[in-house]
Amino acid sequence: MTSVASETVPAGGVVHADEPIVRLRHPGRWVAAGVLVVLLAMLVHFVATAPKLRLDLVAGYLFEQSILSGLLVTLELTVVAMALGVLLGTVLAIMRLSANPLLRGAAGAYVWLFRGTPILVQLLFWFFLGTVLPKISLGIPFGPQWVEWGTNTVITQFTAAILGLGLNEAAYMAEIVRAGIKSVDPGQTEAAHALGMNPVTTYRRVVLPQAARLIVPPTANETISMLKLTSLVLVIGLPELTTTAQLIYGRNFQQIPLLIVASIWYLVLTTLLTLLQSRIERRTNRGTVPLRARKRVRFAMGADR
Amino acid sequence: MTPMVEAVGVRKRFGDNEVLKGIDMTVGRGEVVSLLGPSGSGKSTFLRCINHLERIDGGEINVDGRLVGYRRHDGKKYELRSREIAAARRGVGMVFQRFNLFPHRTAVENVMEAPVFVKRTHKDEARREALALLDRVGLADRADAYPAMLSGGQQQRVAIARALAMSPSLMLFDEPTSALDPELVGEVLEVMKGLAKDGMTMIVVTHEIGFAREVCDRVVFMDAGVVVEQGVPDDVLLNPAHERTRAFLSRVL
Ligand SMILES: Nc1ncnc2c1ncn2[C@@H]1O[C@H](COP(=O)(O)OP(=O)(O)O)[C@@H](O)[C@H]1O
Ligand SMILES: [Mg+2]
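Those protein sequences? They're chains A and B, same order as listed. So the first sequence is numbered by my numbering: it starts at 8 and just counts up by one. So the second sequence is numbered by my numbering: it starts at -10 and just counts up by one.
Listed below in structure tokens is the structure:
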């Protein structure tokens, strides 16, 4: 024991404190960087020298009229379907957490049905609903009906797409919102009730804002995946971004340039959504102390006393 | 004058576990009562029954002359709707062991929340009143701090201000200082002492025997779901009549 100690702290009193420090080297990083540089050079070479790629077409079609209106449809579908998904999903989540077994069961059945069947099937189902249910009417069940519409006039391509995407999304959002709500300390609900808040105010002012911290990141994910999922409406012939690109290359056989055009727009939208996400997260994280600030807070608390 | 709280034969069961076995208790207006008893004796459950956070299985509770949780009509008790229950709770303030402040709102927003969203007070007025309440608990300078930036004692004082914002006629405290570091207990008890002096009716579950002796008009000792004994603090605390009270006091003193 004493010999070990005398090795680290030499009895002779030699001072080691001024010795230079040699930092750990990372040769692997240099190798990886080299490989990446070579791959990037190959890609640039390919893009620059492949005449079939037709970058001029990419630039030309990027702001072409039908591409832009397809982009607008994609945006509309994403916004409306997500709004439906979030609203209905929140209602379903609250139903699943309710004390009423009927509400719980109904919400559970909904999630089971809409998560359990492919979204493509659901889209087609809404689109072809008119073939089995030619008329939709409003009135007393099994009694007189007041108004009646032809199913095919009510369920246009757009409504079919919204129903297909939105109702499916609600099933996933229900699970996300439910997990968020369950993460909120039950003491919060109790405090709200003790202050005289009714159940609706308690959810709106106390539970949901706190659940939002857990709900926002996966919801942003869902929105980004919805953006790309909208391309599935191809099957019911609604001309959103991908369908439009496909229609154009069906005529001129410039598949790759048009797919690049579509990809560029999807990337732009995804980037914007990511920025929006971090802005919203900054809001929902209000009141939580970031790790870096903890030390300062403790100091402030000590100084305050 | 009707008493502030009148509990008669209150029973509460969780499954097979009968937690309250017929509690009788009367608390007069302006009276400060401390509720003592070993852990698990049903003190919290009883407090929660008083503002209907728990539904009782037998007996009845009247607060300020009004039946809790039910409406009496034609010799029957009709269960109230959740909105009516919520309205009835406004007259009763509650302070919890773990504060339960809303972490996403600042101190002053915590205090304003119920006046604005329950009583529909105008925001500016609610804010003015909230700042006055924070001043009363000695936290005027911390109004814009989030709960996570406050010490435990400060959080509990904000929680008291939040409960007072609804101008309750009765305050329930469930071990308000048990989650605090010892050096922070005093500041919270000081605020409660001030409230008692101002004539607030209070029921306080606490292990702070000193507070019970100094501030309370009466001490109620509970064990295993029944009231074992009660009386003025010096009698119960210095000359307990029951063996169970003696055993408990010897452990906490
Ligand atoms: N929500 C609940 N569900 C089941 N048992 C409970 C619940 N709340 C309290 N209890 C039980 O009731 C008994 C009394 O609890 P409590 O009123 O918290 O006692 P105290 O506050 O005196 O320590 C304990 O045995 C506890 O386990
Ligand atoms: Mg307790």
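Even glycine gets a Cβ: it sits at the ideal position worked out from N, Cα and C. Every value quoted in this text rests on a predicted model; they were computed, and no experiment measured them.
Run through DSSP, which three-state label would residue i get?
{"i": "Met101/B", "result": "helix"}
{"i": "Met83/B", "result": "strand"}
{"i": "Val22/B", "result": "strand"}
{"i": "Val154/A", "result": "strand"}
{"i": "Asp13/B", "result": "strand"}
{"i": "Glu(-5)/B", "result": "strand"}
{"i": "Val52/B", "result": "strand"}
{"i": "Gly47/B", "result": "strand"}
{"i": "Lys112/B", "result": "helix"}
{"i": "Asp130/B", "result": "helix"}
{"i": "Val191/A", "result": "coil"}
{"i": "Met204/A", "result": "coil"}
{"i": "Arg94/B", "result": "coil"}
{"i": "Glu26/A", "result": "coil"}
{"i": "His52/A", "result": "helix"}
{"i": "Phe106/B", "result": "helix"}
{"i": "Asn259/A", "result": "helix"}
Return no unless some Cβ of chain A is closer than 9 angstroms to the Cβ of residue i.
{"i": "Val204/B", "result": "no"}
{"i": "Gly82/B", "result": "yes"}
{"i": "Thr166/B", "result": "no"}
{"i": "Met155/B", "result": "yes"}
{"i": "Ala132/B", "result": "no"}
{"i": "Arg87/B", "result": "yes"}
{"i": "Ser158/B", "result": "no"}
{"i": "Leu90/B", "result": "yes"}
{"i": "Pro(-8)/B", "result": "no"}
{"i": "Tyr135/B", "result": "yes"}
{"i": "Ser71/B", "result": "yes"}
{"i": "Ala115/B", "result": "no"}
{"i": "Arg235/B", "result": "no"}
{"i": "Phe200/B", "result": "no"}
{"i": "Ala76/B", "result": "yes"}
{"i": "Ala(-4)/B", "result": "no"}
{"i": "Ala150/B", "result": "no"}
{"i": "Phe106/B", "result": "yes"}
{"i": "Arg79/B", "result": "yes"}
Measure the Cβ-Cβ separation of residue i and residue j and say whether it is below 9 angstroms.
{"i": "Val57/B", "j": "Asn40/B", "result": "yes"}
{"i": "Ala218/A", "j": "Gly194/A", "result": "no"}
{"i": "Ala181/A", "j": "Gly96/A", "result": "yes"}
{"i": "Gly214/B", "j": "Lys10/B", "result": "yes"}
{"i": "Val225/B", "j": "Glu218/B", "result": "yes"}
{"i": "Arg55/B", "j": "Ser158/B", "result": "no"}
{"i": "Val174/B", "j": "Leu25/B", "result": "no"}
{"i": "Leu82/A", "j": "Leu265/A", "result": "no"}
{"i": "Gly82/B", "j": "Leu161/B", "result": "yes"}
{"i": "Asp223/B", "j": "Arg202/B", "result": "yes"}
{"i": "Leu120/B", "j": "Gln145/B", "result": "no"}
{"i": "Cys38/B", "j": "Val(-1)/B", "result": "yes"}
Is there a Cβ from chain B that is less than 9 angstroms from the Cβ of residue i?
{"i": "Thr277/A", "result": "no"}
{"i": "Asn205/A", "result": "yes"}
{"i": "Gly294/A", "result": "yes"}
{"i": "Thr166/A", "result": "no"}
{"i": "Thr56/A", "result": "no"}
{"i": "Thr237/A", "result": "no"}
{"i": "Thr230/A", "result": "no"}
{"i": "Thr163/A", "result": "no"}
For residue i, which beta-bridge partners are listed by DSSP?
{"i": "Val209/B", "result": "Leu24/B and Gln219/B"}
{"i": "Tyr59/B", "result": "Glu68/B"}
{"i": "Met160/B", "result": "Gly82/B and Met191/B"}
{"i": "Phe3/B", "result": "Asn6/B"}
{"i": "Ile143/A", "result": "Trp156/A"}
Taking Cβ-Cβ distances shorter than 9 angstroms, what residues in chain E pair up with residue i?
{"i": "Thr158/A", "result": "Considering every chain present, this structure includes no chain E. Its protein chains are A and B."}
Please identify, using Cβ separations under 9 angstroms, the residues of the region 213 to 227 of chain A that lie next to chain B, in order along the chain. Val213, Pro216, Gln217, Ala219 and Arg220
Near-chain B residues of the region 168 to 201 of chain A - C-beta to any C-beta below 7 angstroms: Gly194, Gln195, Glu197, Ala198, His200 and Ala201
Got a sec: which bits of the region 27 to 56 of chain B sit with their beta carbon under 9 angstroms from any beta carbon on chain A, in order along the chain? Arg37, Asn40, His41 and Leu42
Chain B contacts from the region 94 to 110 of chain A (Cβ-Cβ distance under 7 angstroms): none
Taking a cut of 9 angstroms between CB atoms, which residues from the region 92 to 103 of chain B lie near chain A? Pro92, His93, Arg94, Thr95, Glu102 and Ala103
Against chain A, which members of the region 0 to 11 of chain B pass a CB distance test of less than 8 angstroms? none
Of the residues that make up the region 115 to 137 of chain A, which ones have a beta carbon closer than 8 angstroms to any beta carbon in chain B? none
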